[in-house]
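Peer 1: Got a structure for you, questions after.
There are 2 protein chains.
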Amino acid sequence: MPIRFVAAALAAFAFAGGAFAQLLTERKIFTLPQYTTVGGKTIKDVRIGYESHGRLNAAGDNAIYIAHFLTGNSHAAGRYKADDKVPGYWDDVIGPGKPFDTDRYFVLSADTLVNVNAKDTGPGSVDPATGRPYGMSFPIVTMRDFVNVQKALADSLGVKKFAAVAGPSMGSLQVMEWAAAYPEMVARAIPVVPLGLEANPYIIQTVATWAAPIVSDPNWNGGDYYGRAQPAVGVAEALKLAVLSARHPGWADKTFGRKWAAADRNPLQDWGNQYAIEGALEMATHMRAGASDANAFLYLVRAIQLYQVEGVAGIRAKVLAVPAKSDLLFFPDYYTRKMVATLKAQGTHVEVFEIDGDGGHLDGILDAAKAGEAIRAFLKK
Amino acid sequence: MPIRFVAAALAAFAFAGGAFAQLLTERKIFTLPQYTTVGGKTIKDVRIGYESHGRLNAAGDNAIYIAHFLTGNSHAAGRYKADDKVPGYWDDVIGPGKPFDTDRYFVLSADTLVNVNAKDTGPGSVDPATGRPYGMSFPIVTMRDFVNVQKALADSLGVKKFAAVAGPSMGSLQVMEWAAAYPEMVARAIPVVPLGLEANPYIIQTVATWAAPIVSDPNWNGGDYYGRAQPAVGVAEALKLAVLSARHPGWADKTFGRKWAAADRNPLQDWGNQYAIEGALEMATHMRAGASDANAFLYLVRAIQLYQVEGVAGIRAKVLAVPAKSDLLFFPDYYTRKMVATLKAQGTHVEVFEIDGDGGHLDGILDAAKAGEAIRAFLKK
Chain R
38 MPIRFVAAAL
48 AAFAFAGGAF
58 AQLLTERKIF
68 TLPQYTTVGG
78 KTIKDVRIGY
88 ESHGRLNAAG
98 DNAIYIAHFL
108 TGNSHAAGRY
118 KADDKVPGYW
128 DDVIGPGKPF
138 DTDRYFVLSA
148 DTLVNVNAKD
158 TGPGSVDPAT
168 GRPYGMSFPI
178 VTMRDFVNVQ
188 KALADSLGVK
198 KFAAVAGPSM
208 GSLQVMEWAA
218 AYPEMVARAI
228 PVVPLGLEAN
238 PYIIQTVATW
248 AAPIVSDPNW
258 NGGDYYGRAQ
268 PAVGVAEALK
278 LAVLSARHPG
288 WADKTFGRKW
298 AAADRNPLQD
308 WGNQYAIEGA
318 LEMATHMRAG
328 ASDANAFLYL
338 VRAIQLYQVE
348 GVAGIRAKVL
358 AVPAKSDLLF
368 FPDYYTRKMV
378 ATLKAQGTHV
388 EVFEIDGDGG
398 HLDGILDAAK
408 AGEAIRAFLK
418 K
Chain D
38 MPIRFVAAAL
48 AAFAFAGGAF
58 AQLLTERKIF
68 TLPQYTTVGG
78 KTIKDVRIGY
88 ESHGRLNAAG
98 DNAIYIAHFL
108 TGNSHAAGRY
118 KADDKVPGYW
128 DDVIGPGKPF
138 DTDRYFVLSA
148 DTLVNVNAKD
158 TGPGSVDPAT
168 GRPYGMSFPI
178 VTMRDFVNVQ
188 KALADSLGVK
198 KFAAVAGPSM
208 GSLQVMEWAA
218 AYPEMVARAI
228 PVVPLGLEAN
238 PYIIQTVATW
248 AAPIVSDPNW
258 NGGDYYGRAQ
268 PAVGVAEALK
278 LAVLSARHPG
288 WADKTFGRKW
298 AAADRNPLQD
308 WGNQYAIEGA
318 LEMATHMRAG
328 ASDANAFLYL
338 VRAIQLYQVE
348 GVAGIRAKVL
358 AVPAKSDLLF
368 FPDYYTRKMV
378 ATLKAQGTHV
388 EVFEIDGDGG
398 HLDGILDAAK
408 AGEAIRAFLK
418 K
């Protein structure tokens, strides 16, 4: 497998390099003694990871919250160590002098309450009531739950108002929940590659198909696999589906073409012979699967399905929607258009800036810098 | 599960009703003593199903060939019995007085050499050399192989020239192969919801993800499941992925909305509770899975991956490309545009008629009548 194909496939997981001066950060932990979910269940000893950049002013109103995508986490910008190979996923737009300018703003980002990568609160954490991992007995959670915990974090840090709440993909769902749940606290909402104000049934089914290979993996074992063989094959298949949905034929043509995975192994001649794109995604997703919690993936899928913003009429934030032209997952022509129409009809200030390109949905993560000037201008409005 | 949801999901498999006078047909069998594949393997005792409508004229040049989609078969129009509930998949456009007018043309359509539904030649048929089903030892085949066998069928019937070769989705791949493989025999090519002239790596990976759940199903057993438990769960998952790719959010909104599969079972409360679209697709695909051969599905997936037309420069047919505006599988803005550019650059006569709608890729099957007048006009050119 040529290394460049693997690198290209790994890049699909969106850890882009930055061209600016080094920004260092650390992963901190926020704890809550207990939290009651939208579904009415109480979770004790909540722990989530977070990071921040810049300084909160005395008024507590120069904050920006960054919400992450499905397979992302709180590491939005900078590096934990100077020699980390890759910075946080939105390092291109967060930092000194960048669109989310850490010289001016206090930029905060946290792990979602259930997180694919983090080993804090979630199905993989220990249920204080049993002393064993929750597994699928962890409460079903929603985007609103994620935002409520983020709100508690913000309160604990003295944040009074967010100049903006921004985030790509699943982050955009949290952005709109923020604007509706805490309208007095959110001056601007910047949903990037946005889904809109609810999960359409098409997306409900799309993410259901991502979950299916995990549940079908015999190692999943009803979610009880901690300390045993992991359902890594199912997770890898889930990631393949997610990555593919988040890309575009233009990206595939440029990166792989119709090359075979091995130059002497023609797919016409043997079932084991693959195309380059298949081999690269296979390797990249299996590398990634080991670091991902299968149950957490299922919880996030359900949270996406449940997404339906309550309180849209109460939104007071100005909104800058940033779709990506080639997005084949959250189609601009359908989802963004619908959200913009709803918001405009109720008198909300809405602007749209479309990211040009052929990288698909992931342009909202990897190419967010293309919206940099639009974001700068919007933050002044 | 409300019946209308199931019906809507089943409609995704594209057997539309017709408004015209009853057309009756029968499934006939074409046999070839042997056929040597593009990959160099010889298959003995080839049998494929076919049907025809209308009469071939003395010159043998009033024929039209209709090529079917992935999960389709030779049953393109009319009914086998007067009380059949559904006619062939393109009954809206094939028949007396319809765009493919069976009063004027001899309309022929055949099963692909390997076919998901048919029980003739393919991995599920008996290898004369062993007396047992081939399974995955059946030769890997290509679109060109399908067309070569169709050519032998046409020769056997006295067809000298096709006024048109037409077909939707995977049928469009056969259409372009026909035009390139037998340029002197194809006056017009009508690829509907076309992929273009080769499978882009994005499609290569898309169909690979459809194959994955079959191979992961323990009942698949390396393809050796004949006379045993079938990999029906894997096939159902494969069909779910295929149907979803072939649809569009607009269709999903109109058909299902955010309704739950059962009105008293909120997906927020229990993992077993689903949305209506999930329940409907689950039921529809499991009903369908029993009639589909898992191995045949894998062979067609590989045939799609291998698709790359040789001899494009030799195409002499006039081409009418009929993309669907809302197609999220074979994107008009990428695939159709690319094909049209290539053909125009070499001086081929190319026209494009786009089917409007929000049904997705399946508009090319279910709503082909929208292109009816364009097809009529094109057949006179």
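Going line by line, the protein sequences match chains R and D.
Just so you know, we're using our numbering here: the first sequence kicks off at 38 and counts up by one.
Just so you know, we're using our numbering here: the second sequence kicks off at 38 and counts up by one.
Every residue, glycine too, gets a C-beta built ideally from N, C-alpha and C.
Would you list, in sequence order, the uninterrupted beta strand (DSSP E) runs of no fewer than 3 residues that lie entirely inside the region 316-386 of chain R?
Peer 2: 355-358
Peer 1: Find out if the Cβ-Cβ distance for the pair D:G294, D:G397 is shorter than 9 Å.
Peer 2: As a first step, residue 294 of chain D must be located in the second sequence, where it is residue number 257. As a first step, residue 397 of chain D must be located in the second sequence, where it is residue number 360. Result no, Cβ atoms of D:G294 and D:G397 do not sit closer than 9 Å.
Peer 1: So, is the C-beta of R:Y262 closer than 9 Å to a C-beta in chain D?
Peer 2: Within the first sequence, the letter at position 225 stands for residue 262 of chain R. It does not; no Cβ of chain D falls within 9 Å.
Peer 1: Whole angstroms is fine: what's the gap from D:M222's alpha carbon to D:Y344's?
Peer 2: In the second sequence, the residue the question calls residue 222 of chain D occupies position 185. In the second sequence, the residue the question calls residue 344 of chain D occupies position 307. Spanning the two alpha carbons is a distance of roughly 21 Å.
Peer 1: Tell me the rounded alpha-carbon separation between D:M180 and R:R302.
Peer 2: As a first step, residue 180 of chain D must be located in the second sequence, where it is residue number 143. As a first step, residue 302 of chain R must be located in the first sequence, where it is residue number 265. Distance between the alpha carbons of D:M180 and R:R302 is about 20 Å.
Peer 1: For R:W297, which of helix, strand or coil comes out of DSSP?
Peer 2: Counting from one through the first sequence, the residue named residue 297 of chain R turns up at place 260. Strand.
Peer 1: Between D:M376 and chain R, is there a C-beta pair that is closer than 9 Å?
Peer 2: Mapped onto the second sequence, residue 376 of chain D falls at position 339. No, its Cβ sits nowhere closer than 9 Å to a Cβ of chain R.
Peer 1: Ignore the nearest five residues each way along the sequence and tell me which others in R:V196's own chain have a CB closer than 6 Å to its CB.
Peer 2: For this step, residue 196 of chain R is matched to residue 159 along the first sequence. G97, A100.
Peer 1: To which residues of the same chain is R:G260 closer than 6 Å at the C-beta, ignoring the five residues directly before and after it?
Peer 2: By 1-based counting over the first sequence, the position of residue 260 of chain R is 223. For R:G260, where only same-chain residues beyond five positions count, the Cβ hits under 6 Å are G172, M173, N332.
Peer 1: For R:I314, is the classification buried or exposed, using 16 other Cβ atoms within 10 angstroms of its Cβ as the cut-off for buried?
Peer 2: Mapped onto the first sequence, residue 314 of chain R falls at position 277. Per the 10 Å Cβ criterion, buried.
Peer 1: Report buried or exposed for D:E347, applying the criterion of at least 16 other Cβ atoms within 10 angstroms of its Cβ.
Peer 2: Locating residue 347 of chain D in the second sequence gives position 310, where the first residue counts as 1. Answer is exposed; the Cβ neighbour count stays below 16.
Peer 1: With a cut-off of 8 Å, do at least 3 Cβ pairs link the region 319-331 of chain D to the region 264-271 of chain D?
Peer 2: yes
Peer 1: Give me the chain R residues within the contact set of D:G76, using Cβ-Cβ distance strictly less than 9 Å, ordered along the chain.
Peer 2: Here residue 76 of chain D refers to the residue found at position 39 when the second sequence is read from its first residue. The answer, in chain order, is N303, L305, Q306.
Peer 1: Does R:P39 get closer than 9 Å to chain D when you measure Cβ to Cβ?
Peer 2: Within the first sequence, the letter at position 2 stands for residue 39 of chain R. With a pLDDT of 49 at R:P39, under the threshold of 50, the modelled position of this residue cannot be trusted; read the value that follows with caution. Not closer than 9 Å to any Cβ of chain D, the Cβ of R:P39 fails to qualify, so no.
Peer 1: Would you kindly work out how many angstroms separate the C-alpha atoms of R:V349 and R:T322, rounded to a whole number?
Peer 2: For this step, residue 349 of chain R is matched to residue 312 along the first sequence. For this step, residue 322 of chain R is matched to residue 285 along the first sequence. Their backbone Cα atoms lie some 37 Å apart in a straight line.
Peer 1: Taking C-beta pairs closer than 9 Å, name the residues in chain D that R:A289 reaches, listed in chain order.
Peer 2: Here residue 289 of chain R corresponds to residue number 252 of the first sequence, with the count starting at 1. Correct list: N237, P238, Y239, I240, I241, Q242.
Peer 1: Give me the DSSP bridge partner(s) of R:G204.
Peer 2: The count along the first sequence starts at 1 and reaches residue 204 of chain R at position 167. Per DSSP, R:P228.
Peer 1: What would DSSP say about R:L69, mapped onto helix, strand or coil?
Peer 2: As a working note, residue 69 of chain R is residue 32 in the first sequence. Annotated three-state conformation of R:L69 is strand, per DSSP.
Peer 1: From this set, D:A217, D:G91, D:P220, D:I227, which residue's C-alpha is nearest D:G208's C-alpha?
Peer 2: Within the second sequence, residue 208 of chain D is the residue found at index 171, counting from 1. When each option's Cα is compared against that of D:G208, the closest is D:I227.
Peer 1: Return the chain-ordered list of same chain residues with a C-beta closer than 8 Å to the C-beta of D:T373, the five sequence neighbours on each side being excluded.
Peer 2: Working through the second sequence from its first residue, we reach residue 373 of chain D at position 336. Contacts found: P231, G233, A358, P360, F367, V389.
Peer 1: Is the separation between the beta-carbon of R:H112 and that of R:G204 shorter than 9 Å?
Peer 2: For the purposes of this step, residue 112 of chain R is taken as residue 75 along the first sequence, with counting starting at 1. For the purposes of this step, residue 204 of chain R is taken as residue 167 along the first sequence, with counting starting at 1. At a Cβ-Cβ threshold of 9 Å, R:H112 and R:G204 do not count as neighbours.
Peer 1: Short check: CB of D:Y336 to CB of D:F175, under 9 Å?
Peer 2: The residue given as residue 336 of chain D occupies position 299 in the second sequence. The residue given as residue 175 of chain D occupies position 138 in the second sequence. Taking 9 Å as the Cβ cut-off, D:Y336 and D:F175 qualify as a contacting pair.
Peer 1: Give the straight-line distance between the Cα atoms of R:V75 and R:K81, rounded to the nearest whole angstrom.
Peer 2: Residue 75 of chain R sits at position 38 when you count from the first residue of the first sequence. Residue 81 of chain R sits at position 44 when you count from the first residue of the first sequence. Cα to Cα, the separation comes out at about 15 Å.
Peer 1: Mind checking if R:T292 is an interface residue toward chain D, Cβ cutoff 9 Å exclusive?
Peer 2: Taking the first sequence and counting its residues from 1, the one referred to as residue 292 of chain R is at position 255. The C-beta of R:T292 comes closer than 9 Å to at least one C-beta of chain D.
Peer 1: Quick check on R:M180 - is its C-beta less than 9 Å from some C-beta in chain D?
Peer 2: Along the first sequence, one-based indexing puts residue 180 of chain R at 143. No, its Cβ sits nowhere closer than 9 Å to a Cβ of chain D.
Peer 1: State the start and end residues of the unbroken alpha helix (DSSP H) segment that holds D:G271.
Peer 2: By 1-based counting over the second sequence, the position of residue 271 of chain D is 234. Element bounds for D:G271: 269-282.
Peer 1: Where does D:Y239 sit, in a helix, a strand or coil, going by DSSP?
Peer 2: Counting from 1 along the second sequence, the entry for residue 239 of chain D is found at position 202. Helix, per DSSP.
Peer 1: Report all residues from its chain with a CB closer than 6 Å to the CB of D:G91; omit the five preceding and five following residues, and keep chain order.
Peer 2: Residue 91 of chain D sits at position 54 when you count from the first residue of the second sequence. These residues qualify, in order along the chain: T139, Y142, F143, V144.
Peer 1: So R:A145 is in the beta strand (DSSP E); what residue range does that whole segment cover?
Peer 2: Along the first sequence, read from residue 1 onward, the residue named residue 145 of chain R stands at position 108. Rather than Ala, the amino acid found at residue 145 of chain R in this sequence is Leu. For R:L145, the uninterrupted beta strand (DSSP E) run begins and ends at 143-147, by DSSP.
Peer 1: Under 8 Å by Cβ, that's how I've got D:M237 and R:A289 pegged, so tell me the actual separation to the nearest angstrom.
Peer 2: The residue you call residue 237 of chain D lines up with position 200 of the second sequence. The residue you call residue 289 of chain R lines up with position 252 of the first sequence. It should be pointed out that residue 237 of chain D corresponds to Asn in this sequence rather than to Met. The Cβ separation is near 6 Å, so the contact holds.
Peer 1: Taking 8 Å as the threshold, find out whether the region 404-412 of chain D comes into contact with the region 121-131 of chain D through three or more Cβ pairs.
Peer 2: Enough Cβ pairs lie closer than 8 Å, so yes.
Peer 1: DSSP has D:K3 in a bridge; who is on the other side?
Peer 2: Residue coverage of chain D in this structure runs from 38 to 418, which leaves residue 3 of chain D outside it and unanswerable.
Peer 1: Quick check: the Cα distance between D:V356 and D:P136, rounded to an integer number of angstroms?
Peer 2: For the purposes of this step, residue 356 of chain D is taken as residue 319 along the second sequence, with counting starting at 1. For the purposes of this step, residue 136 of chain D is taken as residue 99 along the second sequence, with counting starting at 1. Distance between the alpha carbons of D:V356 and D:P136 is about 16 Å.
Peer 1: Taking a Cβ distance cut-off of 9 Å, strictly less, list which residues of the region 321-349 of chain D are near chain R, in chain order.
Peer 2: L335, R339, Q342, L343, Q345
Peer 1: Are D:A218 and D:A201 close, meaning C-beta to C-beta below 9 Å?
Peer 2: Residue numbering aside, residue 218 of chain D sits at position 181 when the second sequence is read from its first letter. Residue numbering aside, residue 201 of chain D sits at position 164 when the second sequence is read from its first letter. It is not a contact, given that the beta carbons lie outside the stated cut-off.
Peer 1: R:N94 to R:K198, Cα distance in whole Å?
Peer 2: Your numbering for residue 94 of chain R matches position 57 in the first sequence. Your numbering for residue 198 of chain R matches position 161 in the first sequence. Roughly 11 Å separates the two Cα atoms.
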